[in-house]
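Structure first, commentary second.
Chains as they are written, first to last, in my numbering: chain W, 1 to 563; chain B, 1 to 563.
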């Protein structure tokens with residue numbers, strides 16, 4: 001041992017978090033019988049447990065909401081509980097932002113903001129809310145184990161027993177990740193549950209009671225959003241055309257067997273075209289066998305037609321409970337028979353075990369950078385940056401992945417040094433004009449201005465242009481990964497932009513050259529007749545059709561029951 | 001609904017896996033009392049449960065081994081149990097390969113092979129073993145949820161109760177990932193345990209009994225390898241020099257606060273230089289605060305000196321149990337006070353929540369491709385490809401990450417289109433000559449020949465050259481990410497190669513130019529005097545010193561007790 005660096009003789013403290021937890025749990029126990037807190041003591045409990053400046057993980061998931069606890073937080077005394085740092089996957093409820101207006105919370109790290117995204121820029125501007133960063137889900141979980149370790153987690157489950165064992169039901173979602181990050185760092189875990197039952201009546205144990213400090217029956221069942229239900233009635237002939245182009249120009253060409261779909265109508269159209277158009281092409285069993293996605297109702301016809309081998313789900317989907325439970329060879333289910341979802345697992349599966357991400361975007365620029373952040377709405381990223389990125393650590397081969405290596409080996413623009421290396425397909429679908437005739441292809445993403453106004457160090461681009469391998473519009477499919485230069489890449493993007501300003505920069509000569517070089521395939525090149533692209537191609541054209549396909553197992557939420 | 005695609009009137013079967021599990025569990029129950037199987041019935045149980053062609057997930061982790069179950073597998077009748085497909089994170093025990101020689105298993109997907117790596121090429125050559133792919137750990141787990149779903153999982157834990165609840169102890173490692181992939185897909189989970197105890201005596205529940213079908217007390221405690229213990233006696237003055245260069249040229253320059261370290265003596269030297277050399281430079285609190293790594297004994301002095309805020313562990317380390325339990329503010333620990341490790345979590349943390357990977361390599365080529373696969377040894381990748389890659393989905397900023405964006409923005413070789421984007425640091429340490437005077441810098445990696453002989457579609461490169469941002473040898477630090485061309489990059493690599501063949505291609509003029517362009521920093525440039533680089537700089541120079549630093553809490557394994 002060096003003489004200059006002896007261990008200090010003063011005894012440092014190595015268990016501050018454990019001591020703090022012990023004090024807080026003791027304070028909270030005044031309101032409980034064991035781990036169970038009476039519903040009307042929720043504010044007392046939170047006042048006893050929370051400390052100013054705490055880092056609080058709140059669910060806040062994509063679908064499932066610990067809404068009872070969120071509402072209770074807004075009723076706390078800001079003189080006692082303030083400057084909370086929210087670590088929240090999804091800012092979904094008005095209460096999540098009310099906390100900032102009331103001075104209870106001041107800082108947030110998050111991944112997604114849906115309906116609340118419009119309020120966020122104003123809160124940032126007046127310094128009511130400081131955003132640490134906007135993440136992709138898997139990145140946020142990762143930081144919860146390293147530099148965003150929660151002091152307190154506020155979570156939601158279907159049921160608990162008196163020992164704190166939790167049954168999360170089909171929407172397990174983010175709960176295991178949040179609990180592991182908190183419980184094993186001497187943080188405090190508080191679960192709202194819909195019911196408290198005897199241990200024998202708990203359908204399964206998703207979270208061991210060892211990891212849970214307090215359970216409290218909510219005043220009403222937790223809120224959950226049917227985010228992944230797309231009514232086939234709203235799928236247009238244009239969506240059908242885009243779907244047909246995707247199937248021929250990407251799935252068939254690259255033999256894509258494992259895929260993550262976004263939640264847009266374009267990918268819903270693909271799902272509904274598999275058993276019809278895909279079947280006619282003889283593609284059953286050759287493409288689209290493994291999916292990382294929520295239980296999309298629009299996948300029912302493909303499942304029933306025998307296309308799908310496995311689905312790995314991020315969360316559940318309202319109304320799909322009985323259907324999923326009746327298809328355990330396809331979906332992950334627990335011993336009780338109901339769906340097991342897990343967003344951390346499914347994001348990992350989508351990153352490393354699927355060959356393609358395909359999704360829609362709201363805006364795309366000349367370099368193929370895209371974002372769903374549009375003027376005035378800081379909507380976050382969700383899973384797209386992770387799912388829509390090439391995992392550089394991947395080392396296993398599939399025909400799809402290796403085929404990209406072989407094609408890339410023939411271009412000069414790969415930047416690859418040395419050995420052959422495959423690539424994940426990252427496909428963006430963007431027709432030339434969106435709702436209301438607004439061009440989707442723009443000179444400059446709104447994300448740039450939104451990022452500047454919010455003082456973000458890097459613009460909130462959802463998928464970076466150099467991560468995109470394919471782009472699809474009604475003009476055809478652009479094979480961007482085949483470009484030899486940035487200029488050629490831009491020409492291929494412009495060729496898809498239709499009659500908008502960016503599209504007008506594309507000439508017929510350029511497009512002919514792009515087709516010869518294999519960077520552009522028009523519908524004609526792909527054997528897709530525009531006249532065939534209509535809704536009659538869809539395996540289901542209404543929610544009612546989906547219910548029929550499911551043999552009555554799908555129970556659509558009330559707002560979709562208008563077929 | 002379309003008229004062409006009605007749901008089939010024949011009733012397909014959707015629960016084949018559940019039916020199969022039910023039959024197998026029933027067959028296995030003949031040998032049990034509830035879930036508990038007598039030790040001497042292990043072969044009967046496995047014969048009853050396994051079917052030819054099963055996909056079997058076997059632990060086979062980096063450290064923890066379900067060795068009792070592996071030995072039992074080798075005693076099965078190959079006429080009854082054969083053609084097993086092993087999904088195994090680490091091929092660690094002779095029995096793992098004996099299974100192939102005996103015809104019980106025929107196919108393997110894995111991530112790492114240590115001591116057994118020399119046997120693998122021969123088994124492949126005579127078609128006794130077919131390798132699906134070699135993965136990085138996180139990639140293998142991901143596939144276990146998608147296209148490598150296990151039929152049976154054979155796992156190891158410290159203790160179980162009669163309901164199958166498991167306590168994994170400090171080496172939780174891969175168990176939660178394997179169990180989740182198996183149990184929620186109607187696979188069968190069999191756990192060997194060191195002891196079966198009453199529920200009240202289970203220190204904590206790491207795996208709920210709901211997920212476990214059979215538990216069986218092993219004939220002796222599971223085997224575990226102290227893979228991460230580096231004896232400071234073996235750290236040379238050269239390692240010290242490399243460590244000083246890393247601290248000044250990388251940690252200090254880039255303000256690296258979060259990091260994953262490999263297991264070499266170079267990074268052990270860095271750990272032991274932090275409290276001494278790093279302290280003298282005033283870097284405490286400015287660098288190296290968050291770590292994703294196992295409980296390295298060589299980190300004890302830095303922890304005791306107050307450098308380390310958090311450590312997120314992939315697994316445990318033999319002898320570190322009491323020390324870790326006494327430092328819960330630093331390590332993740334359970335309610336029982338002992339370490340919580342989780343390789344899936346830590347690999348995710350290392351991917352998305354750390355700014356740097358730094359590790360040693362055995363061979364590196366002119367393009368900076370590197371591999372630990374050397375002639376005749378197919379050793380696999382472990383965590384390095386994942387940890388040593390830039391996560392393209394990352395969206396949060398740190399000074400380290402953003403600083404790379406700013407530097408990259410000033411070069412032409414980034415391939416980045418449009419917006420500023422940071423980058424993870426991927427640092428490889430390779431002195432010019434390894435053990436026995438063999439050059440580490442080579443024209444062609446052995447990995448190429450090994451891959452060809454094994455019929456692999458892509459050579460088993462561990463870290464690709466274009467993922468490496470920095471290279472360190474005794475000649476200095478190469479800032480490869482600043483290269484404007486592949487030629488300039490190669491010149492920077494050659495400048496570090498010393499007196500070997502590759503180094504002789506580097507001229508003094510080239511090196512001077514590289515220094516002017518900021519691609520090369522020599523020890524002198526970094527203010528590192530070679531004469532200062534000696535073992536007296538190390539905070540501990542023996543295992544005994546580490547024990548002293550730990551206040552007697554560290555209990556080194558017997559083979560390290562020679563200080």
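Glycine included, every Cβ here is placed at the ideal spot set by N, Cα and C.
**Message:** I believe residue 300/B touches residue 546/B by the beta-carbon criterion, under 8 Å. Please report the beta-carbon distance rounded to the nearest angstrom.
**Reply:** 5 Å
**Request:** Could you spell out the range, first to last residue, of the beta strand (DSSP E) harbouring residue 480/W?
**Result:** Taken as a continuous stretch (DSSP letters only), residue 480/W belongs to no beta strand (DSSP E), as it is neither H nor E.
**Prompt:** Hey, out of 15/W, 262/W, 70/W, whose CA is closest to residue 94/W's CA?
**Reply:** 70/W
**Asked** Per DSSP, what kind of secondary structure is residue 456/B in: helix, strand or coil?
**Response** coil
**Prompt:** Cα separation between residue 2/W and residue 103/B?
**Reply:** Model confidence at residue 2/W stands at a pLDDT of 44, short of 50, so the residue's coordinates are unreliable and nothing is read from them.
**Request:** Kindly say whether residue 464/W, judged by its beta-carbon, lies nearer than 9 Å to any beta-carbon of chain B.
**Result:** yes
**Asked** Hey, out of 124/W, 289/W, 297/W, whose CA is closest to residue 565/W's CA?
**Response** With chain W covering 1 to 563 only, the question about residue 565/W has no answer from this structure.
**Item:** DSSP state of residue 363/W mapped onto helix, strand, coil
**Value:** strand
**Message:** Beta-carbon within less than 8 Å of residue 138/B's beta-carbon, same chain only, minus the 5 sequence neighbours each way: which residues are those?
**Reply:** 344, 347, 348, 351, 383, 386
**Request:** Determine the extent of the beta strand (DSSP E) in which residue 89/B is found, giving its start and end residues.
**Result:** 84-91
**Request:** Measuring alpha carbon to alpha carbon, tell me which of 212/B, 85/B, 181/B ends up nearest residue 193/B.
**Result:** 212/B
**Prompt:** First and last residue of the beta strand (DSSP E) that includes residue 132/W?
**Reply:** 130-134
**Asked** Which of helix, strand or coil does DSSP assign to residue 297/B?
**Response** helix
**Item:** Against chain W: residues of the segment 372-404 of chain B by CB proximity under 8 Å
**Value:** 381, 385, 386, 387, 388, 389, 390, 391, 392, 393, 394, 395, 396, 397, 402
**Prompt:** Given residue 135/B, which residues of its chain have a CB within under 6 Å of its CB, disregarding the five upstream and five downstream residues?
**Reply:** 111
**Beta-carbon gap between residue 214/B and residue 188/B smaller than 9 Å** = yes
**Request:** Drop a sphere of 10 angstroms on the beta-carbon of residue 577/W, count the other beta-carbons inside from all chains shown, and report buried for 16 or more, exposed for fewer.
**Result:** In the structure as shown, chain W begins at 1 and stops at 563. Residue 577/W is therefore absent and cannot be evaluated.
**Request:** Pull out every residue of the segment 127-142 of chain B whose Cβ sits closer than 8 Å to any Cβ of chain W, in chain order.
**Result:** 132, 133, 134, 135, 136, 138, 139, 141, 142
**Prompt:** Starting from residue 109/W and walking both ways along the beta strand (DSSP E), at which residues does that stretch end?
**Reply:** 105-113
**Item:** Inter-stretch contact at 8 Å, needing at least 3 Cβ pairs: the segment 232-246 of chain W / the segment 323-338 of chain W
**Value:** no
**Asked** Mind pulling the chain W residues with CB within less than 8 Å of residue 210/B?
**Response** 204, 205, 334, 335
**Message:** Taking 9 Å as the threshold (beta carbon to beta carbon), is residue 309/W in contact with chain B?
**Reply:** yes
**Request:** Would you mind sorting residue 417/W into buried or exposed? The rule is 16 or more other CB atoms within 10 Å of its CB.
**Result:** Unreliable positioning characterises residue 417/W in this predicted model, as indicated by a pLDDT of 43, which lies under 50. A coordinate reading is not provided.
**Request:** For the alpha helix (DSSP H) holding residue 47/W, just list the boundary residues, first then last.
**Result:** 42-49
**Asked** Between which two residues does the alpha helix (DSSP H) containing residue 140/W stretch?
**Response** 137-144
**Request:** Return the chain-ordered ranges of every alpha helix (DSSP H) run that is complete within the segment 369-431 of chain B and spans a minimum of 4 residues.
**Result:** 384-387, 399-408
**Message:** For residue 100/W, which residues in the same chain have their Cβ closer than 8 Å to its Cβ, ignoring the five residues on either side in sequence?
**Reply:** 106, 108, 123, 128, 129
**Asked** Cα separation between residue 267/B and residue 425/B?
**Response** 15 Å
**Residue range of the alpha helix (DSSP H) that includes residue 347/B** = 343-352
**Item:** Local conformation of residue 158/W per DSSP, three classes
**Value:** strand
**Message:** Can you tell me which residues form a DSSP beta bridge with residue 36/W?
**Reply:** 33/W, 215/W
**Asked** residue 145/W CB to nearest chain B CB: under 9 Å?
**Response** yes
**Asked** Opposite residue 284/W in the DSSP bridges: which residues?
**Response** 287/W
**Message:** Pairs of beta-carbons, one from the segment 365-383 of chain W and one from the segment 45-58 of chain B, closer than 8 Å: are there three or more?
**Reply:** no
**Request:** State the Cα-Cα distance for the pair residue 374/B and residue 317/B, rounded to the nearest angstrom.
**Result:** 27 Å
**Request:** Run down chain W in chain order and give the residues with a C-beta less than 9 Å from the C-beta of residue 327/B.
**Result:** 14, 15
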